[in-house]
DNA sequence: GCTATATACATAACCACGCAAGGTAAACGG
DNA sequence: CCGTTTACCTTGCGTGGTTATGTATATAGC
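Chains as they are written, first to last, in this note's numbering: chain A, 1 to 112; chain B, 1001 to 1112.
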């Protein structure tokens, strides 16, 4: 398994979190698992990285959190995507694809 | 035009520079233009960002520089990829594709 | 001849962000 | 009862882009 370079984590955390929340509410601990599963186990985020990101995203109005209590008695902070967050997600996708397209050009479109 | 987020610049600078040099020698100022052209004008790197990256890559033994003088009388520092750099490029490509694949999953493979 | 632009490199102060490590707290399984 | 999982949070450190500034030379326009 490859350790994801931290710069790549930094570049992908916002788009990935916003995209996950575009599919419905979620909370920190679950987002960690979703990333692990969606990536087929190739991406492993630390919680020490995730929570500050969530706070920043909320501070910037891209997501909105609410505290909830499960029947089991666990407290969770559920986040949902705001309209502003949806716009940011679209812009992030554009810039991501610009960079990705350039890299794929260099790597040769179909091969390797 | 979208300003590429700096985290995305940070994530892509090393793989992109290594991949460019995998196609043959180049130098700082030219790399800036290559990135602009390859991206269809969507990516615009600053030279204040590029030169420190080149120094780091050379310090880490991923690329090797040599000074040269053009007929016109300009000094240039040409860089080439080392074997170590080639290995790093391959690993960078792996982790990039892991992240990209996950994002595309979230975005829906073919659409938008 | 002069001057603006392009070429070509470099560095410094500032800010943002992940990582490792540590902390709190409660539920659950054996 | 005790380790593991769930679930949140924060701090110190190092890394890396941005902006601004500096140096030097060649070329093009007037």
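For each residue, glycine too, the CB sits at the ideal point set by N, CA and C. A quick note: this is a predicted structure, and the numbers were derived from the prediction, not measured.
Straight-line Cα distance separating residue j from residue i
i                       : j                       : result
residue 56 of chain A   : residue 76 of chain A   : 18 Å
residue 64 of chain A   : residue 1067 of chain B : 53 Å
residue 1010 of chain B : residue 8 of chain A    : 8 Å
residue 1039 of chain B : residue 1096 of chain B : 17 Å
residue 108 of chain A  : residue 60 of chain A   : 38 Å
residue 62 of chain A   : residue 20 of chain A   : 13 Å
residue 1083 of chain B : residue 1058 of chain B : 12 Å
Any chain A beta carbon closer than 8 Å to residue i
i                       : result
residue 1100 of chain B : yes
residue 1008 of chain B : yes
residue 1093 of chain B : yes
residue 1063 of chain B : no
Integer Cβ distance of residue i from residue j, believed to fall under 8 Å
i                       : j                       : result
residue 1032 of chain B : residue 1085 of chain B : Contact doesn't hold; Cβ gap of about 19 Å is too wide.
residue 1012 of chain B : residue 99 of chain A   : 5 Å
residue 28 of chain A   : residue 51 of chain A   : 6 Å
Exposure of residue i, with buried meaning 16 or more beta-carbon neighbours within 10 Å
i                       : result
residue 1045 of chain B : buried
residue 102 of chain A  : buried
residue 54 of chain A   : buried
Cut-off 7 Å between Cβ atoms - residues of its own chain near residue i, not counting five sequence neighbours on either side
i                       : result
residue 93 of chain A   : 15
residue 1043 of chain B : 1004, 1035, 1036
Closer than 8 Å to chain B by CB, residue i
i                      : result
residue 115 of chain A : Because chain A here runs from 1 to 112, residue 115 of chain A falls outside it and cannot be looked at.
residue 107 of chain A : yes
Contacting residues, own chain, Cβ-Cβ under 8 Å from residue i (five flanking each side not counted)
i                       : result
residue 1022 of chain B : 1081, 1086, 1089
residue 1070 of chain B : 1076
residue 2 of chain A    : 42
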